């Protein structure tokens with residue numbers, strides 16, 4: 176029996192990773208991979224790593240098989256920047272929550288979303304005012320929810336709709352500093368249903384310090400959680416798509 180999968184993307188922005196798994200056609204993949212291959216020759220000094228032929232074939236094959244099981248997948252996007260909602264990615268997800276995730280037990284409240292270099296569609300927008308390059312004079316007022324309350328409400332909703340214990344969870348998280356709180360909270364609430372953590376964790380070290388980053392890495396290792404890098408870099412897409420297929424089998 177095919178398993179049910181819930182895919183939660185926290186800090187979606189324009190959803191390159193989500194599009195790779197659920198939207199891009201074979202021609203869109205090929206266009207991006209060929210473009211990267213050409214760039215790797217034209218800009219050799221930048222040491223651009225292209226996607227190999229076998230890797231490209233596997234990405235296309237894996238994502239096609241994932242989409243064949245779309246009826247068994249629930250997709251949820253979490254993104255606080257309303258300016259990004261014109262992108263097609265937000266019309267294809269099953270649920271979209273226009274909030275930012277804060278610290279563990281934060282009550283829901285208003286806060287500021289800061290933008291690097293006053294760019295209000297920047298991928299680096301953050302609720303942390305110590306992020307490099309942000310313009311403190313440029314911010315939006317947004318809703319912030321604590322990671323624990325959000326995870327609890329989400330689990331209650333999913334259990335009611337899909338059945339308690341009937342699904343497995345994957346989170347992709349890259350939310351400019353709240354990644355540690357998000358991982359702790361989702362693991363505490365969903366326990367063994369949390370199968371994979373996708374994304375990037377470097378912002379934890381940059382915004383909260385080395386001690387917090389090391390604590391997160393220790394937590395992931397000691398609890399046998401699986402972390403897989405998954406980003407707009409095409410070279411991360413093959414492993415991520417393969418991990419999704421393992422769950423669906």
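In my numbering, the protein residues as written are 176 to 424.
We put the CB at the ideal spot given by N, CA and C, even for glycine.
Note that the coordinates shown come from a computational prediction; the quantities given were computed from them, not determined experimentally.
Quickly, what does DSSP pair residue i with across the bridge? List them, please.
| i | result |
| --- | --- |
| residue 258 | According to DSSP, which records beta bridges pairwise, residue 258 is partnered with nothing at all. |
| residue 400 | Beta-bridge pairing links residue 400 to no other residue. |
| residue 284 | 319 |
| residue 343 | 180 |
| residue 249 | 181 |
| residue 290 | 310 |
| residue 301 | 289 |
| residue 348 | 185, 374 |
| residue 268 | For residue 268, which the question treats as bridged, DSSP gives no partner whatsoever. |
| residue 369 | 344 |
Would residue i pass as a contact of residue j if the rule is Cβ separation under 9 Å?
| i | j | result |
| --- | --- | --- |
| residue 314 | residue 285 | no |
| residue 251 | residue 275 | no |
| residue 406 | residue 352 | no |
| residue 329 | residue 379 | no |
| residue 344 | residue 247 | no |
| residue 262 | residue 324 | no |
Run the CB neighbour count on residue i, radius 10 Å, all protein chains shown included, and call it buried at 16 or more, exposed below.
| i | result |
| --- | --- |
| residue 339 | exposed |
| residue 310 | exposed |
| residue 195 | buried |
| residue 209 | exposed |
| residue 334 | exposed |
| residue 257 | exposed |
| residue 217 | exposed |
| residue 385 | exposed |
| residue 197 | buried |
| residue 321 | buried |
| residue 337 | exposed |
| residue 277 | buried |
| residue 205 | exposed |
| residue 200 | exposed |
| residue 375 | buried |
If residue i sits next to residue j, beta carbons under 8 Å apart, how far is it from one beta carbon to the other, in whole angstroms?
| i | j | result |
| --- | --- | --- |
| residue 186 | residue 348 | 6 Å |
| residue 237 | residue 416 | 4 Å |
| residue 361 | residue 326 | 5 Å |
| residue 214 | residue 223 | 5 Å |
| residue 370 | residue 422 | 6 Å |
| residue 318 | residue 283 | 6 Å |
| residue 241 | residue 420 | 6 Å |
| residue 418 | residue 403 | 6 Å |
| residue 229 | residue 211 | About 15 Å separates the two Cβ atoms, so there is no contact after all. |
Return the residue from the list the options that minimises the CA-CA distance to residue i.
| i | options | result |
| --- | --- | --- |
| residue 391 | 273, 184, 372, 229 | 372 |
| residue 182 | 270, 287, 204, 205 | 270 |
| residue 192 | 217, 264, 226, 257 | 264 |
| residue 202 | 367, 319, 235, 354 | 235 |
| residue 400 | 368, 381, 423 | 368 |
| residue 383 | 199, 303, 324, 418 | 303 |
| residue 412 | 233, 402, 206 | 233 |
| residue 350 | 389, 306, 395 | 306 |
| residue 396 | 254, 358, 294, 272 | 358 |
| residue 253 | 178, 244, 295, 354 | 354 |
| residue 387 | 356, 374, 414 | 356 |
| residue 259 | 294, 219, 410, 376 | 294 |
Any heavy atom of the ligand ATP closer than 8 Å to the Cβ of residue i?
| i | result |
| --- | --- |
| residue 243 | The model on display carries no ligand, and the ligand ATP is accordingly not part of it. |
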